[in-house]
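S.K.: Residue numbers (our numbering), protein chains in the order written: chain A, 1064 to 1203; chain B, 1064 to 1203; chain C, 1064 to 1203; chain D, 1064 to 1203.
(1) Less than 8 Å between CB atoms is the rule here; does residue 1162 of chain A satisfy it with respect to chain B?
(2) Give a yes or no on whether the minimum CB-CB distance between residue 1126 of chain D and chain B is below 8 Å.
(3) Assuming residue 1125 of chain B contacts residue 1179 of chain B (C-beta within less than 8 Å), just tell me the rounded distance between them.
(4) So which residues on chain B does residue 1191 of chain D lean against when the C-beta distance must stay under 7 Å?
(5) With a CB to CB cut of under 7 Å and the five nearest residues on each side skipped, what residues in its chain are close to residue 1138 of chain A?
(6) Of the residues A:1168, A:1131, A:1069, A:1153, which one's Cα is nearest the Cα of residue 1098 of chain A?
(7) Taking contact to mean at least 3 C-beta pairs separated by less than 8 Å, is the stretch 1154-1173 of chain D in contact with the stretch 1159-1176 of chain C?
(8) Within 8 Å of any Cβ in chain E, is that where the Cβ of residue 1110 of chain A sits?
(9) Using CA atoms only, rank isn't needed, just tell me which of B:1083, B:1074, B:1086, B:1115 is closest to residue 1095 of chain B.
(10) For a cutoff of 8 Å on Cβ pairs, would you count residue 1144 of chain D as touching chain A?
(11) Could you give the distance in angstroms between the alpha-carbon of residue 1101 of chain C and the alpha-carbon of residue 1093 of chain C?
(12) Since I believe residue 1084 of chain B is in contact with residue 1127 of chain B (beta carbons under 8 Å), could you give me their beta-carbon distance rounded to a whole number of angstroms?
(13) Mind checking which residues open and close the alpha helix (DSSP H) that includes residue 1067 of chain A?
(14) Is residue 1183 of chain B close to chain D, meaning its C-beta is less than 8 Å from at least one C-beta of that chain?
(15) Could you tell me which residues DSSP puts in a beta bridge with residue 1159 of chain A?
(16) Considering only residues of the same chain and omitting the five flanking positions on each side of residue 1220 of chain B, which have a CB-CB separation below 6 Å?
(17) At the level of alpha carbons, what is the spacing between residue 1104 of chain B and residue 1185 of chain A?
(18) Under 7 Å Cβ to Cβ from residue 1141 of chain D, same chain only, skipping five residues before and after it: list those, please.
(19) Are any of the Cβ atoms in chain A nearer than 8 Å to that of residue 1148 of chain C?
(20) When you compare the CB of residue 1159 of chain B with every CB in chain D, is at least one pair closer than 8 Å?
(21) If you reduce the DSSP assignment to three classes, tell me which class residue 1093 of chain D lands in.
(22) Identify the continuous beta strand (DSSP E) that holds residue 1186 of chain C and give its terminal residues.
(23) Below 8 Å on C-beta distance, what does residue 1114 of chain C contact in chain D?
(24) Nearest by alpha-carbon distance to residue 1087 of chain A: which of B:1182, B:1169, B:1109 is it?
(25) Using 8 Å as the threshold, is the C-beta distance between residue 1171 of chain D and residue 1107 of chain C below it?
(26) Give me whichever residues DSSP pairs with residue 1146 of chain D in a beta bridge.
(27) Would you grab the beta carbon distance between residue 1153 of chain B and residue 1181 of chain B for me? Rounded to a whole angstrom, and I think it's under 8 Å.
(28) Taking Cβ positions, are residue 1077 of chain A and residue 1118 of chain B nearer each other than 8 Å?
(29) Going along chain B in order, which residues have a C-beta closer than 7 Å to the C-beta of residue 1174 of chain D?
(30) What would DSSP say about residue 1087 of chain A, mapped onto helix, strand or coil?
(31) Any C-beta of chain A sitting closer than 8 Å to the C-beta of residue 1123 of chain B?
(32) Taking C-beta to C-beta, are residue 1150 of chain C and residue 1188 of chain C nearer than 8 Å?
(33) Using the beta-carbon count (16 or more within 10 Å), is residue 1068 of chain B buried or exposed?
(34) From the DSSP output, which residues share a beta bridge with residue 1141 of chain C?
(35) Taking 7 Å as the limit between beta carbons, can you name the residues of its chain near residue 1066 of chain A, skipping five residues before and five after?
(36) Name, in chain order, the residues that DSSP records as bridge partners for residue 1116 of chain B.
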């Protein structure tokens, strides 16, 4: 199986199990070796006390795209630490896209950068996630 | 009005508006000047492809406690950037608590540290958030 | 004056004042709008208790390249917060290069990503810096 | 040997080797299990293009205190990632102190928080470092 087909097969397994991403209405747009792109619409249930999208849900979208991307190598990996910069608020009705890309790899650690943009292409948040490889594979 | 009463009154306003925290079943346990404590139960809808609580939802709990805490001074504040370290997975059924506390204050920036623990008191995640003051107050 | 010439003129002003970068033997290789590249050789004075380059000095190289890059717009800017991931140790005698590039811009905040590599092109560290614009310009 | 005596003996070994900390004039004030306190005077050679202490050298002080603290358990540990928030500038002649304290421990990872203050007790920077245990001990 080539690396692209493997990435897609693993993503299908994750998608089936990942109820949290489903709860937030996320859609997997694209996946490949070391990368993934997901979208999420800011619904009325997602706003916070400032009447814009709750930062935790923007983080969740970025984190899911990171989770897909860092597992495409068929080595199970867990998020160890993440950071996010909020650059512009996401409004009710916005269609957000998170694009995750592998930036570095050293030993058991991989670093991923994620850009979250809205439907106008404006940058909403920058996310950096580090994963740690753990035992186990996704598919045989 | 003293600072404790003010913190409680602002928290009541935020609670009414914050639909995202309600969607995730968060409960405000306690609030005071520069601090807040919230809880959240890990439901079946909150698990990810690894069958543990989605990291974004743990982040959301921490972020909400940070949001309450950094607005207790009656100066509207927004999250500018946040980082999180995941130290142990949160399991289905876990009752998580996030305790936010102000660590530093310089100009328009405030730094908050949040500890997320489970019902056994085990540390699940460490979160650090920086807020930026913006125009406006919560109550007159 | 075009933007490239402006970036170079500002860099010359910073270089004259920046005694700390000189103490560590840093050299400015290249500067342009929103970017800068510096080098530093790991001398015997730069090793730590583990006999590899002190992480603070790797950070300093990245921070200097960030400092040059974020001031190229002729708006004085200060580092507000930075993070670094150490991916491989830098050895005595290594020739390190830090390349800073602007990643995002929102209001008074700019985000820069810096890659620190050694003479073999291996990635030593990934750095992310956020700057805040302050009053004043570098040149008239 | 009790834990305090062990921490002191390891610190003496590190101090002998750590030429970088010596180059910057750092002094070890105190060490104990999971903690360390160091000082550094901002000399004329440490200023940057903005005529305040170079951020990388403030980071270096914090990083050294973290390095001492995370090695007190006689399990060799390396810095994996660090973040710093600069809250106030450090001026020429300032006497800075960095106090590192262990905040969390999970598997091979430990998290340390460091506060950097000046001679007036003002908070200059907040640092968070994560270490990874590696093979080897400091003393038998």
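Beta carbons are placed, not taken as given, at the ideal position from N, Cα and C, and that holds for glycine.
M.R.: Put simply:
(1) Not an interface residue.
(2) Not a single C-beta of chain B is nearer than 8 Å to the C-beta of residue 1126 of chain D.
(3) Between the beta-carbon of residue 1125 of chain B and that of residue 1179 of chain B there is about 5 Å, and that keeps the pair under the 8 Å contact cut.
(4) Against chain B, a Cβ distance below 7 Å from residue 1191 of chain D picks out 1191.
(5) 1196, 1200.
(6) Of the candidates A:1168, A:1131, A:1069, A:1153, the one whose C-alpha sits nearest the C-alpha of residue 1098 of chain A is A:1131.
(7) No, the stretch 1154-1173 of chain D is not in contact with the stretch 1159-1176 of chain C.
(8) In the structure shown, chain E cannot be found, because the protein chains are A, B, C and D.
(9) Residue 1095 of chain B has its Cα closest to that of B:1074, out of B:1083, B:1074, B:1086, B:1115.
(10) With 8 Å as the cut-off, residue 1144 of chain D counts as an interface residue toward chain A.
(11) Our two residues, residue 1101 of chain C and residue 1093 of chain C, have alpha carbons roughly 7 Å apart in a direct line.
(12) Indeed, because the Cβ distance is near 5 Å, the residues count as touching under 8 Å.
(13) 1066-1080 is the span of the alpha helix (DSSP H), which, as asked, contains residue 1067 of chain A.
(14) No, no contact with chain D.
(15) Looking at the DSSP assignment, residue 1159 of chain A forms a beta bridge with A:1103.
(16) Only positions 1064 to 1203 of chain B appear in this structure, which leaves residue 1220 of chain B out of reach.
(17) For the pair residue 1104 of chain B and residue 1185 of chain A, the Cα-to-Cα distance works out to about 34 Å.
(18) Contacts found: 1194, 1195, 1197.
(19) Chain A, which has a Cβ nearer than 8 Å to the Cβ of residue 1148 of chain C, makes this yes.
(20) Judged by the 8 Å Cβ criterion, residue 1159 of chain B is not in contact with chain D.
(21) Reduced to three states, the DSSP call for residue 1093 of chain D is strand.
(22) Unbroken beta strand (DSSP E) run through residue 1186 of chain C: 1186-1196.
(23) The CB of residue 1114 of chain C comes closer than 8 Å to the CB of 1080 in chain D, given here in chain order.
(24) With distances taken between Cα atoms, residue 1087 of chain A lies closest to B:1109.
(25) Pairing residue 1171 of chain D with residue 1107 of chain C gives a Cβ-Cβ distance that is not under 8 Å.
(26) BP columns for residue 1146 of chain D point to C:1146, D:1191.
(27) At roughly 6 Å, the Cβ-Cβ gap stays under 8 Å, so residue 1153 of chain B and residue 1181 of chain B are in contact.
(28) With respect to residue 1118 of chain B, residue 1077 of chain A sits apart: the two C-beta atoms are not nearer than 8 Å.
(29) By Cβ distance, chain B contributes 1148, 1189.
(30) DSSP places residue 1087 of chain A in coil when its eight states are reduced to three.
(31) Answer yes: the Cβ-Cβ gap between residue 1123 of chain B and chain A drops below 8 Å somewhere.
(32) Against a cut-off of 8 Å, the Cβ pair of residue 1188 of chain C and residue 1150 of chain C comes out as a contact.
(33) Classified as exposed, residue 1068 of chain B has fewer than 16 neighbouring CB atoms from the shown chains inside 10 Å of its CB.
(34) Partner(s): C:1195.
(35) Cβ within range, chain order: 1096.
(36) DSSP output for residue 1116 of chain B lists B:1110 as bridge partner(s).
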